[in-house]
Structure formats: structure tokens, C-alpha cells
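A short write-up of the structure that comes next.
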Amino acid sequence: MAESGEQQSREISSAVRTLLGTVRVKEGLAQMMKGGIIMDVVNADQARIAEEAGACAVMALERVPADIRRDGGVARMADPEKVKKIKDAVTIPVMAKCRIGHFVEAQILETLNVDFIDESEVLTPADEENHIDKTVFKIPFVCGARNLGEALRRIAEGAAMIRTKGEAGTGNVVEAVRHARAIRREIAVARSLGSAELCGYAKDLGVPLDLLRKTAELGRLPVVNFAAGGLATPADVGLLMQLG
10 MAESGEQQSR
20 EISSAVRTLL
30 GTVRVKEGLA
40 QMMKGGIIMD
50 VVNADQARIA
60 EEAGACAVMA
70 LERVPADIRR
80 DGGVARMADP
90 EKVKKIKDAV
100 TIPVMAKCRI
110 GHFVEAQILE
120 TLNVDFIDES
130 EVLTPADEEN
140 HIDKTVFKIP
150 FVCGARNLGE
160 ALRRIAEGAA
170 MIRTKGEAGT
180 GNVVEAVRHA
190 RAIRREIAVA
200 RSLGSAELCG
210 YAKDLGVPLD
220 LLRKTAELGR
230 LPVVNFAAGG
240 LATPADVGLL
250 MQLG
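Last residue of the sequence shown: number 253 in this note's numbering, and the count goes up by one each step with no gaps.
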């Protein structure tokens, strides 16, 4: 009986390891955050307050975007010790930002077992030409986008969630609205095109045709789309939610 139980346990563990890191699991984690608020935090106390206030997740940062904008300098991923303390302080998912193209920062965050990695333009880019290949990571990624082309390219790279870029740290929602409307407008264009025209549109956007076709069929992005960048009030949040 004991051997049978151990064998069953090993089989379950093997099945879990197989599922971890699959596209379905990554996108499923993103689905769990729909309709929620992700709060930026810089320490464990702030993380606890965010959880008590009803946040669906917290984003661990070295400095909040407003301070990054004010102080300037090079903005990097949060200190690993800080990320650990935040993880220990809350029961909700913990996300953390890494620099665009900095796959080693992403590897460190994956080792820390954060729930989501944000390859973020809020931090100083590490690579001006390439984003991280997110398909090789088991931890899901979220990336920013200003339009449909950027969104689908990030999804093709393995992003499980897209967010509007907006202008983080300004408290001005106008850029987030502009980006949300741009994505909606370009999806509407894709839905209106025939098969041959869709091929040309995919070429213009620089995105895989099958991904654009799927987006057109769904009438939305094929992954969860979060609003971010300058949202400062509950009314701002409501505005972006109603914009889709």
C-alpha cells in the first residue's frame, strides 16, 4: 500500500511538472486576475495593506513609477531580498518587473518563484532591439503595448497577458485611453478584412498571420488585456474597464 501511494504521488508530481509552464496554465493564471487591481508596492508593509484592501496581486518594485520618473537614473528589477519579503508577507500573487530584454533578471525572478514577470518599459531597457523569449520560461509574462502590432508581437514571444503602456507615474490617464482605443480600432479593422487583405495587414503590423486571424475571430486579444499607465483614481479604472 505504501509503495502504491508513493508511486501515485510521484505520478501526480510528474503531471504537475508537465503542466507547469504550458501556455494553457500561463494564460489561466492571467484569467484569474480579470476584474482585479494590481498594486505597485516597494515593501512588505505596503503589500499587506494592498492585500487587505482587496488587490488581486501586487507588483514588487524597487521604486514606484512616479519616483523613477522624478529621480531618473537607471531603474532595475527589485532587490531579490525585497521580493522574498513581499512574497512571505502576502497570500495573493506577487508580480515583479524586469528590464526589457534582460533575460537574466527574468531568470532570477523565476528562481525566486514569483507568480508573474512584467517585462516593463517603466524600467531602463537592457536591450534596445530584442525582447525576452518568454516561451522558455515557466513563469508567465505580462508586457506593455501601445497598439495591436506591439500586442501581438509580445504574445508571439510568449506573453500571457498584455497591458496598455500609458504613461506610468504621471497620474494622467490619457495615454492609456489612447492605447486602449488604438488596439480596439485595429482589431475592428482586422475583423472587417477578407482573407487576402488580412495577409497584407499581418505583414503591415509585422505579426504572425495565424495570431492576427485568431484575434479577428475573437474580436479581442487572445490573452487577458490589463489597463495600466497613469490610472490614478477608481474613475480612471472604471473608464478603462468600460473601454474593454
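Positions of the beta carbon are idealized from the N, C-alpha and C atoms, including for glycine.
Exercise. Are K143 and G30 close, meaning C-beta to C-beta below 8 angstroms?
Worked result: no
Problem set entry | Pair within 8 angstroms by beta-carbon distance, E60 and I101 | yes
Problem set entry | Close-in-space but distant-in-sequence residues of the same chain around V73 (CB under 8 angstroms, 5 per side omitted) | Here the set comprises D49, V51 and G178.
Exercise. Can you list, in chain order, the residues of its chain whose CB lies under 8 angstroms from that of V246, leaving out five sequence neighbours each side?
Worked result: I46, A236 and L240
Problem set entry | Distance, E159 Cα to E184 Cα | E184 and E159 have their C-alpha atoms roughly 15 angstroms apart.
Exercise. Taking G180 as the reference, which of V131, L38, G238 and A98 has the closest Cα?
Worked result: G238
Exercise. Taking Cβ to Cβ, would you say A165 is nearer than 8 angstroms to V216?
Worked result: Yes, Cβ-Cβ distance for A165 and V216 is below 8 angstroms.
Exercise. Taking the Cβ atom as the reference point for each residue, do T242 and L161 lie within a distance shorter than 8 angstroms?
Worked result: A distance of 8 angstroms or more separates the beta carbons of T242 and L161.
For this session: Let me know the secondary structure DSSP gives D76 once reduced to three states.
Result: helix
Problem set entry | Minimum C-alpha distance to R190 - residue among R222, A66, E176 and L249 | L249
Problem set entry | Distance, A84 Cα to I77 Cα | 7 angstroms
Exercise. DSSP on R108, reduced to helix/strand/coil?
Worked result: strand
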